[in-house]
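Chemist:
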Amino acid sequence: MISRLLRHIVAAGAAVALSLPLIAPAAAQDYPNKPVRIIVPFAAGGGTDIFARIWSEGMGKALGQRFIVENQPGAAGAIGTKAGIAAEPDGYTVVAGTASTIAINPHVMGAEIGYQPLTDLKPVALFAYTPWILVASAKLGVNSIEELIAYGKEHPGELTWGGWTSTGEIARKLFSLRTGIEIQQVPYDGAVAAMNDLVAGRTALATLDYTSARPFVESGDVKALAVTGANRTDLLPDLPSFGDSGVKDVDVNSWAGLFAPAGTPDDIVAKLNEETNKVFSDPEVRARLADLGADVYTWSPEEWEKFVADQSELWKKAIEEVSSVK
């Protein structure tokens, strides 16, 4: 009796085991069969929130399911990011990640931040890449990086740089190191006050994303000097890059993308990646993002993962390098 019972148990177990390989793909094929939540670790209305809402609208149309944006701001994005990490890794909760929450803040804040993005999260897809630019007050009277460096050497200690983000502060320190000119940081609580002082000529320089800088550049109140990286951007093909101007090894930019909790099945990640790339490949979406000052790259999960890892290492080295710069 016992041996017959054991045979039944073993046979049943074998049947279940044989069926498992068939279950996983079916789950991915049926995904999503209920609403999907994307956590945005910032307040509504910012760039990351806008990208997430474009994504959720497109995904909902493509997959016939609700994609819900949930804003969880606080602690420089750490609160929402940790909520995403703690979610069930089933594809029904994902999180928007940015250069600051994924590549910069973990190195600035250390263990205090409470998560390890490269191991706690699984990169899914890029939303958008936003180049930053270095701008100068029109009252300063410089029109290029070369003229700025010459001015800085002729007027040591006089240049000021308005800053309101850790990214901007690191950019200032790197630029100062690479060019050998002294630039004083002037801290601000936000972009509005900083740009008002830049326009008035009370400060000389600032770095910010192209979207935020564009109205000031178009009005002539500030001068765009360069893209803050090695390469030019298609959004501003006539604006030289730091690399064009001889300023090497400075690459400051913004990006936002989709991440899932570690352990999310690869087939669900692949489906999310494929559908996300379709959303951001749509000509109308691309045009809308271009108006926001963002580039689009339809990367695979592996390409996106490599980019994220490279960015983390780049910022780690940059933060270590500038730690002694005032």
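Numbering (mature numbering (1 follows the signal peptide of the UniProt record, and there is no 0)), first residue to last: -28 to -1, 1 to 298.
Even glycine gets a Cβ: it sits at the ideal position worked out from N, Cα and C.
#1: Assuming Lys94 and Pro4 make a contact with CB atoms under 8 Å, what is their CB distance in whole Å?
#2: Beta-carbon within less than 8 Å of Lys125's beta-carbon, same chain only, minus the 5 sequence neighbours each way: which residues are those?
#3: Can you give me the C-alpha to C-alpha distance between Thr65 and Ile121, rounded to a whole angstrom?
#4: Return the bridge partner residues of Ala136 from the DSSP annotation.
#5: Would a C-beta distance cut-off of 8 Å place Val171 and Thr200 closer than the cut-off?
#6: Could you spell out where the beta strand (DSSP E) holding Trp227 opens and where it closes?
#7: So the beta strand (DSSP E) Phe214 belongs to, where does it begin and stop?
#8: Of the residues Pro273, Thr102, Gly215, which one's Cα is nearest the Cα of Asp238?
#9: Give the DSSP-derived three-state secondary structure of Ala16 in the structure shown.
#10: Would you identify the three-state DSSP class for Lys125, choosing helix, strand or coil?
#11: With a cut-off of 8 Å on the beta carbons, I'd call Glu250 and Val107 a contact; round off their distance for me.
#12: Which residues does DSSP pair with Ala178 in a beta bridge?
#13: Within 10 angstroms of its Cβ, does Ser72 collect 16 or more other Cβ (buried), or is it exposed?
#14: Kindly indicate which residue of Glu247, Trp227, Gly192 has the alpha-carbon position closest to the one of Ser284.
#15: If we ignore side chains and look at the alpha-carbon of each, how far apart do Lys288 and Thr248 end up?
#16: DSSP three-state call for Glu42: helix, strand or coil?
#17: If you run the structure through DSSP and keep just helix, strand and coil, what is Ile153?
#18: Among all the DSSP beta bridges, which residues are the ones paired with Pro89?
#19: Between Gly56 and Val12, what straight-line distance do the alpha-carbon atoms span, to the nearest angstrom?
#20: Between the Cα of Val189 and those of Lys6, Gly86, Ile105, Ala83, spot the shortest distance and give me the residue it belongs to.
#21: In chain order, what residues of the same chain have a beta carbon less than 8 Å from the beta carbon of Ser296, not counting five sequence neighbours either side?
Modeler: Looking at the coordinates:
#1: Pro4 and Lys94 do not touch by the CB rule: their CB atoms are close to 17 Å apart, not below 8 Å.
#2: Contacts found: Gly152, Ile153.
#3: For Thr65 and Ile121, the gap between their C-alpha atoms comes out near 48 Å.
#4: The question names Ala, but residue 136 in the sequence shown is Trp. In the DSSP output, where bridge partners are listed per residue, Trp136 has none listed.
#5: Their beta carbons are not under 8 Å apart, which means Val171 does not touch Thr200 by this criterion.
#6: Segment 225 to 233, the beta strand (DSSP E) holding Trp227.
#7: Per DSSP, Phe214 belongs to no beta strand (DSSP E) and is neither H nor E.
#8: Nearest of Pro273, Thr102, Gly215 to Asp238, Cα basis: Pro273.
#9: In the three-state DSSP reduction, Ala16 falls in the coil class, being neither helix nor strand.
#10: Note: Lys125 maps to helix in three-state DSSP.
#11: Just to set this straight, residue 250 is Lys in the shown sequence, not Glu. Contact between Lys250 and Val107 does not hold, since the beta-carbon distance rounds to 35 Å and is not under 8 Å.
#12: Bridge partners of Ala178: Val107.
#13: It is buried - the Cβ of Ser72 has at least 16 other Cβ atoms within 10 Å.
#14: Per the C-alpha coordinates, the member of Glu247, Trp227, Gly192 positioned closest to Ser284 is Trp227.
#15: Cα to Cα, Lys288 sits roughly 29 Å from Thr248.
#16: Correct three-state label for Glu42: strand.
#17: Ile153 falls in the coil class under three-state DSSP.
#18: Answer is none; Pro89 lacks a bridge partner.
#19: Straight across, the Cα-Cα distance linking Gly56 with Val12 is about 9 Å.
#20: Considering only alpha carbons, the answer is Ile105.
#21: The answer is none, since no qualifying residue turns up.
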